[in-house]
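A.B. asks: Can you keep this structure in mind? I'll have questions shortly.
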Amino acid sequence: MDRVLGRIWWLLAASAVIAFFSPPVLWLFGVMDGAGLTLYLQQVVSGTANGCVYALVALGIVLIYKATETINFAQGELMMVGAFLAFTFITMYGFGFWIGAALAVAGGVLFGMATDRAIIRPVVGQPVFAIVMVTLGFGFVVRAVVSMIPGWGTDTYALATPFSGADLRLGALVVSQDYAAIIVSTLVLVAFLFVFFRYTRLGVAMEASSENQLAAYYMGIPVKRVYTLIWGLSAGVAAFAGLLLAPVTFIHTQMGFGVVFKAFPAAILGGFGSIPGAIVGGLIIGIVEALAGFYLPEGFKDVAAYVVLLVVLLLKPEGIFGRVVVKKV
Amino acid sequence: MRFLFKTGYAQDTRLFPFGGTGRFWAGLALYAAILVALAHYAPVALNATHWLAVAIVYAVVFGAVLLRQNADGEGGHAAFWYGLLGVGALSAPFVLDLYFLSQITFVYVYAIAGVGLILLLGMCGQISLGHAAFMACGAYTAGLLQAQGFDLLVTLPAAILLSAALGVVIGLPALRMTGIYLAFATYAFAFIVEEVLARWDGLTGGNMGFVLSDPSILGYTFDSEQKMYYLAMALFVLTLLAGLNIRRSSTGRAFMAIRDSETAAEAMGVNLAVYKTTAFAISAGMAGLAGAVYAHLLFFISPEGFTIFLSINLLVLAVIGGLASMHGAVFGAAFIVVLPQLISLTKDSLPPVVGQLPGLESGIFGLVIILFVIFEPMGIHGRWMKIKTYFQLFPLYKRGTFKRQKSYMVSEKNR
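Spelled out as structure tokens, the structure:
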């Protein structure tokens, strides 16, 4: 049974890859004209940009889950707060884009650390459902509070960036600079995180605490403080994602809810708990969504992410990069 | 109790064997008081038929109470209180005005779904973010069949069976995954179901929804709030009894074994595939029943009524009510129905600056969830157990009686 499913899985994965790369090949052989290829690439680029945002939010969820086994349903709200902070510093106070962005990410980090201390710490050690409920409830509270803050409220705002409005031309392909900025800064951030977890003391300590809390504690790692820092890091990544998403969509109180319900499938697709998995999952969801929205009838765009999730999970329940740990009795 | 709290202490050291004749007479006085209140405050003049009905109810309740009491007068006290509750619930339509009555009817409906969710989540340990889809399935099945001219005797079983079948399909991922994977697999299914309901215009009326008429059984039409109240109540009691019986049966024990450790359950010969699917089917069937009654209460259904927010609401119901016991379903359902009403009531009495703030309701809702999980992780039912034990042991209650063992690391990685 499992061998058959495994073969189906490889077959499907291979055909998905072939389908993804077929338009360029068709174009090379002259079956598809240049305009068709351009349209296709346009969709892939916008899907990649959206996918990067999903990937960053998924990354935050995975970081927190790996370390504390807390499934954070409020990650979208952390992103939303980051975006609102960016709006406050850049547009309301007029600090300029770069300073405002840095302040917003810093504010996001502080917010995440405060969340861990105030809300999460009291429930660590309780059943998973309980913690899920707490983060869900926290999401409700944050949305409510943000909508009450004067100047933020329930309106939608646009965020202007130095990139806004301009386009990048790569041959016939037109890429808006906002999308390009999203893709490039996601690459930079992921590279930074890779170096951080590989080569810094703090990164290694975080890795260790998420691997085995008790052992890490015995090795002299202050696990509780590391948790707070991980929440800060994760919220900082979320704020960064909010900063990237804000110019493309708008800033409003509900922006996190839609993204988090795409980010979770992304994280699960990649194998919950795997950092490269979250990135790959986010990109897959983003690109599939964009292509389904363009080539399939209306209605498939929203469902596409979940269909992909279901197919992958049915064939490979631990996700693409997930690892299976079997309990030894 | 014993294996939930690992103490057994609270149960075994009961100092005063309650029950006995004094309590019996006190109970009689209470029942009489209800009778007097009924005669005084009933909104309609009670005729002979009403009184006959009341007499039958009293006879049944007293019979049940007396049968449950043994020679020492013990064992009757639970039946006594449930009898009182039953009499109160049965006489509610005579006393309460229509608004409160319809609210209680909604409590019954949510409690039906809650029993199903507690079976799945509390007993079998399988999470579901897709219960809205089961309710939608039940609601649409009942509504569409009713439009074809079938009565409740057909539509309700059809709603239950179809939802249970959907539950088997949605539960299939549960055979291979747990925790967050399962939650989002069920959510993905539910989202697809919701999208299908919205897009299949020809059958469901799409996003416009469609209108239901009064349900009927064999020519008897439930055309008033009171009749719907009794219908919902009867269905709830049946569901509750089914849930309690499943809990006592070998199926229920298999569920609990799976919840506590899948590896151990499998080693003991529990067929994981069969029992997990059964749990999903039963839970989905109950949610489908709730959905059918819900649709008849609202007279109008559309896909917007069955989104992820309903699933979250049902999860909140189960967790706040208390996953350990079927009582939790009722407590949780009451919480879900009462809290929004309470918030909107207090909103009017607050100064407008505070009361008119957007998002006040969802904010309080979220805050209550957080506070509950932090301070009362066993839910309302847990608090109820503590109060009860406090009075049973008075004055010897110790604060540590219900203290949870706090584990250093709860890991899903090794199950």
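Order-wise, the sequence lines are chains R and U. If you count by the working numbering, then the first sequence holds residues 3 to 331, one letter each, in order. If you count by the working numbering, then the second sequence holds residues 758 to 1172, one letter each, in order. All C-beta atoms in this analysis are idealised placements derived from N, C-alpha and C, irrespective of residue type, glycine included.
Going by beta carbon distance, what residues of the same chain come within less than 7 Å of L43 (chain R), once the five residues before and after it are set aside?
C.D. replies: Here L43 (chain R) has L175 as same chain residues with Cβ atoms under 7 Å from its own Cβ, once five neighbours each way along the sequence are excluded.
A.B. asks: Assuming contact is defined by CB atoms lying nearer than 7 Å, are A265 (chain R) and V130 (chain R) in contact in what I supplied?
C.D. replies: no
A.B. asks: Report the CB separation of I1126 (chain U) from M135 (chain R) in whole angstroms; it is logged as a contact under 8 Å.
C.D. replies: 6 Å
A.B. asks: Return the chain-ordered list of same chain residues with a C-beta closer than 7 Å to the C-beta of G900 (chain U), the five sequence neighbours on each side being excluded.
C.D. replies: F967, L969, A1052, I1058
A.B. asks: Report the residue from U:V817, U:V811, U:V866 whose alpha carbon sits nearest the alpha carbon of S848 (chain U).
C.D. replies: Closest by alpha carbon: U:V811.
A.B. asks: Does the beta carbon of M892 (chain U) sit closer than 7 Å to a beta carbon anywhere in chain R?
C.D. replies: With 7 Å as the cut-off, M892 (chain U) does not count as an interface residue toward chain R.
A.B. asks: By alpha-carbon positions, which one of U:A889, U:Q860, U:L1150, U:P1152 ends up nearest to G871 (chain U)?
C.D. replies: U:A889
A.B. asks: Around the Cβ of A1024 (chain U), are there at least 16 other Cβ atoms within 10 angstroms (buried) or fewer (exposed)?
C.D. replies: If you draw a 10 Å sphere on the C-beta of A1024 (chain U), you find fewer than 16 other C-beta atoms in it, and that means exposed.
A.B. asks: Following the continuous beta strand (DSSP E) through D374 (chain R), name the residue where it begins and the one where it ends.
C.D. replies: The structure shown has nothing for residue 374 (chain R), since chain R only spans 3 to 331.
A.B. asks: Cβ of I949 (chain U) less than 7 Å from any chain R Cβ?
C.D. replies: yes
A.B. asks: Could you name each continuous alpha helix (DSSP H) segment of 4 residues or more that falls completely within the region 965-1029 of chain U, going from the start of the chain to the end?
C.D. replies: Counting whole runs of 4 or more residues, the region 965-1029 of chain U contains the alpha helix (DSSP H) stretches 982-1005, 1007-1017, 1019-1024.
A.B. asks: Is it buried or exposed, T978 (chain U), if we count other Cβ atoms within 10 angstroms and call 16 or more buried?
C.D. replies: With a threshold of 16 other beta carbon atoms within 10 Å, T978 (chain U) falls short and is exposed.
A.B. asks: Is it buried or exposed for L311 (chain R), if we count other Cβ within 10 angstroms and need 16 for buried?
C.D. replies: buried
A.B. asks: Report the start-end ranges of each alpha helix (DSSP H) in the region 1039-1081 of chain U that is 4 residues or longer and not cut off at the edges.
C.D. replies: 1065-1078
A.B. asks: Look at the alpha carbon of Y219 (chain R) and the alpha carbon of V126 (chain R), and state the distance between them as a whole number of angstroms.
C.D. replies: Taking the Cα positions, Y219 (chain R) is about 16 Å away from V126 (chain R).
A.B. asks: Determine the direct distance from the alpha carbon of I1015 (chain U) to that of V46 (chain R), and round the result to whole angstroms.
C.D. replies: 44 Å
A.B. asks: Closer than 9 Å between beta carbons: that is the criterion. Which residues of the region 995-1019 of chain U meet it against chain R?
C.D. replies: S1018, E1019
A.B. asks: Please classify W100 (chain R) as buried or exposed, where buried requires at least 16 neighbouring CB atoms within 10 angstroms.
C.D. replies: The residue in question, W100 (chain R), is exposed, as its Cβ has fewer than 16 Cβ neighbours within 10 Å.
A.B. asks: Please report the distance separating the alpha-carbon of G295 (chain R) from that of I286 (chain R).
C.D. replies: 14 Å
A.B. asks: Can you have a look at V1031 (chain U) and say buried or exposed, based on whether 16 or more other CB atoms are within 10 angstroms of its CB?
C.D. replies: V1031 (chain U) should be labelled exposed.
A.B. asks: Would you please verify whether the beta carbon of A1091 (chain U) is less than 7 Å from any beta carbon of chain R?
C.D. replies: It does not: the Cβ of A1091 (chain U) has no partner Cβ on chain R nearer than 7 Å.
A.B. asks: If we call anything under 7 Å between Cβ atoms a contact, is G272 (chain R) one with V282 (chain R)?
C.D. replies: yes
A.B. asks: Strictly under 7 Å for the Cβ-Cβ distance: is E1133 (chain U) near chain R by that measure?
C.D. replies: no
A.B. asks: Does L312 (chain R) get closer than 7 Å to chain U when you measure Cβ to Cβ?
C.D. replies: Yes - at least one Cβ of chain U is within 7 Å of the one on L312 (chain R).
A.B. asks: Quick one, which of R:T137, R:T40, R:L28, R:A160 has its alpha-carbon nearest I1131 (chain U)'s?
C.D. replies: I1131 (chain U) has its Cα closest to that of R:T137, out of R:T137, R:T40, R:L28, R:A160.
A.B. asks: Do we get a CB-CB distance below 7 Å when we pair A828 (chain U) with the residues of chain R?
C.D. replies: With a pLDDT of 46 at A828 (chain U), under the threshold of 50, the modelled position of this residue cannot be trusted, and the question is left open.
A.B. asks: Considering just the uninterrupted stretch of the beta strand (DSSP E) at L285 (chain R), what are its terminal residues?
C.D. replies: Taken as a continuous stretch (DSSP letters only), L285 (chain R) belongs to no beta strand (DSSP E), being part of the alpha helix (DSSP H) at 277-297.
A.B. asks: Specify, as a first and last residue, the run of the beta strand (DSSP E) that V225 (chain R) falls within.
C.D. replies: Unbroken run through V225 (chain R) is the alpha helix (DSSP H), 225-250; no beta strand (DSSP E).
A.B. asks: Would you say V19 (chain R) reaches chain U, if we count a Cβ-Cβ gap shorter than 7 Å as a contact?
C.D. replies: no
A.B. asks: Scan the region 143-160 of chain R for residues whose Cβ lies nearer than 9 Å to a Cβ of chain U and list them as they occur along the chain.
C.D. replies: With the criterion set as a beta carbon lying under 9 Å from some beta carbon of chain U, the members of the region 143-160 of chain R are V143, V144, R145, A146, V147, V148, S149, M150, G155, T156, in sequence order.
A.B. asks: Taking C-alpha atoms, which residue in U:A1038, U:Q1149, U:A789, U:Y1147 lies nearest to C894 (chain U)?
C.D. replies: Checked all of U:A1038, U:Q1149, U:A789, U:Y1147; the closest Cα to C894 (chain U) is U:A1038.
A.B. asks: Would you kindly work out how many angstroms separate the C-alpha atoms of G1078 (chain U) and A1086 (chain U), rounded to a whole number?
C.D. replies: 6 Å
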